[in-house]
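K.L.:
The structure under discussion is supplied below as structure tokens; questions concerning it will follow.
In this note's numbering, the protein residues as written are 20 to 457.
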């Protein structure tokens with residue numbers, strides 16, 4: 020006879036774990052043909068990405084930089100944009116500072132990954148010389164029909180989903196002028212398919228697309244990272260990055276940050292940055308002074324650094340021979356670790372309090388029941404202090420039952436549960452004064 024026929028014991032787990040937001044997981048959006056249909060795929064190794072994407076694709080290059088960091092995120096996600104309906108990535112080559120009478124020499128990397136040597140003989144003036152450059156570029160695979168409006172030449176691509184066009188030559192300034200690709204619609208779909216991501220990156224970092232993605236991140240409790248190409252000191256001053264007010268709109272957004280670079284979009288420097296930082300506890304480390312594995316540093320003049328920092332941008336350059344990120348700020352001016360740390364604290368406190376509601380038969384509307392809520396808040400604040408988000412000395416209070424509104428009590432709503440805390444912050448600059456005497 021089985022003992023269970025006499026004594027029947029059934030044990031069930033007494034706790035239910037609410038869904039936890041994945042603050043360490045990034046999502047990359049790009050048009051590609053690795054699969055068809057609407058889908059977000061999860062990858063835990065770079066080998067998995069390489070099995071799906073060719074080395075010329077932007078998803079491959081982005082993932083390579085993320086997985087090159089140590090430590091690195093446990094997983095990444097890649098989503099798929101719908102095919103653009105008309106012109107795809109569009110870039111402008113600015114020859115404003117080109118020296119008259121000088122032949123155009125440089126290199127161009129076309130969307131199929133081919134490197135071309137540029138050698139255009141100077142003819143009469145810059146306008147006629149750019150006409151010759153246009154003829155050469157028009158013949159390249161993946162490049163559409165270029166247009167010349169001297170001293171500018173616009174280079175549209177005619178194939179989606181491949182790497183950007185990249186042009187390198189002394190005194191030529193490149194900027195991405197691509198129209199909106201509708202990333203916000205793709206992100207709405209992605210979050211319904213798989214909401215387990217916090218950071219958003221995308222293939223195109225033109226002002227219009229950065230603005231669209233940043234607005235979506237702000238409205239959906241996510242954070243967007245970009246690495247726009249910045250090669251001309253006056254680009255901010257003349258408004259070339261703020262055409263149509265797109266960049267200007269970013270300045271009020273604490274849910275997005277840019278790591279400006281002189282290199283092309285193919286460098287994906289923001290991927291190395293998030294790859295290094297996302298494995299850390301949210302808010303536990305400043306995003307400044309980080310060295311990125313496999314990511315080349317830019318050489319900035321003092322004027323260029325000042326311009327970037329004035330617009331709350333970030334840069335990656337050598338300080339005392341060590342390549343480090345600076346300043347660690349969002350476009351809105353808040354420190355990135357503060358924005359992410361407080362988002363993490365908010366999410367985890369919501370999850371903890373919801374868990375208390377789910378895992379107790381009920382929390383009575385009494386001072387003893389309120390004490391359960393206070394205990395949960397205190398527990399999460401202790402974790403935040405240990406993680407380096409909050410400084411010691413925080414305090415939690417709750418309005419007693421006797422002081423709650425009768426209508427709230429009837430509706431079973433608790434108000435007046437509050438805490439006061441100070442951010443742990445971080446040291447970014449040090450001033451030392453000393454006096455030395457004989």
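Note that beta-carbon positions come from the ideal geometry of N, C-alpha and C, so glycine has one too.
Just mark residue 241 as buried or exposed, buried being the case when its beta carbon has 16 or more other beta carbons within 10 Å.
P.N.:
buried
K.L.:
Since I believe residue 248 is in contact with residue 284 (beta carbons under 8 Å), could you give me their beta-carbon distance rounded to a whole number of angstroms?
P.N.:
Between residue 284 and residue 248 the beta-carbon gap is near 6 Å, inside 8 Å, which marks them as a contact.
K.L.:
In this structure, how does DSSP classify residue 335 when only helix, strand and coil are distinguished?
P.N.:
strand
K.L.:
By how many angstroms is the C-alpha of residue 344 removed from the C-alpha of residue 295?
P.N.:
11 Å
K.L.:
According to DSSP, is residue 192 helix, strand or coil?
P.N.:
In the structure shown, the three-state DSSP call for residue 192 is strand.
K.L.:
Cutting at 8 Å between CB atoms, please list the residues of its own chain near residue 399, excluding the five before and the five after it.
P.N.:
Result list for residue 399: 364, 367, 368, 371, in chain order.
K.L.:
Under a three-way DSSP split, which group does residue 354 fall into?
P.N.:
strand
K.L.:
Could you check the C-alpha separation between residue 447 and residue 80 for me, to the nearest Å?
P.N.:
31 Å
K.L.:
Hey, out of 192, 214, 233, 216, whose CA is closest to residue 201's CA?
P.N.:
233
K.L.:
Answer yes if the stretch 84-97 comes into contact with the stretch 312-326, meaning at least three C-beta pairs across the two stretches below 8 Å, and no otherwise.
P.N.:
By the criterion of at least three beta-carbon pairs nearer than 8 Å, the stretch 312-326 is in contact with the stretch 84-97.
K.L.:
Would you kindly check if the distance between the Cβ of residue 125 and the Cβ of residue 164 is under 8 Å?
P.N.:
no
K.L.:
Which same chain residues end up closer than 7 Å to residue 434 when comparing Cβ atoms and leaving out the 5 residues on each side of it in sequence?
P.N.:
418, 423, 427
K.L.:
For residue 399, which of helix, strand or coil comes out of DSSP?
P.N.:
helix
K.L.:
Using only alpha-carbon positions, find the residue among 306, 302, 97 that is nearest to residue 220.
P.N.:
97
K.L.:
With a CB to CB cut of under 7 Å and the five nearest residues on each side skipped, what residues in its chain are close to residue 262?
P.N.:
The predicted position of residue 262 is uncertain, since its pLDDT is 49 and thus under 50; a value taken from the coordinates is nonetheless stated next. For residue 262, where only same-chain residues beyond five positions count, the Cβ hits under 7 Å are 226.
K.L.:
Would you be able to state if there are at least three C-beta pairs under 8 Å between the stretch 384-393 and the stretch 349-363?
P.N.:
no
K.L.:
Are residue 133 and residue 141 closer than 8 Å when you measure CB to CB?
P.N.:
no
K.L.:
For residue 320, count neighbouring Cβ atoms within 10 angstroms of its own Cβ and tell me buried if that reaches 16, exposed if not.
P.N.:
exposed
K.L.:
In the DSSP assignment, find the unbroken alpha helix (DSSP H) run with residue 159 in it and report its ends.
P.N.:
Looking at the DSSP string, residue 159 is not in any alpha helix (DSSP H), and its letter there is neither H nor E.
K.L.:
Per DSSP, what kind of secondary structure is residue 450 in: helix, strand or coil?
P.N.:
coil
K.L.:
What does a CB cutoff of less than 7 Å around residue 432 pick up in its chain, not counting 5 residues either side in sequence?
P.N.:
none
K.L.:
Please state whether DSSP places residue 469 in a helix, a strand or coil.
P.N.:
What is shown of the chain runs 20 to 457, which leaves residue 469 out entirely.
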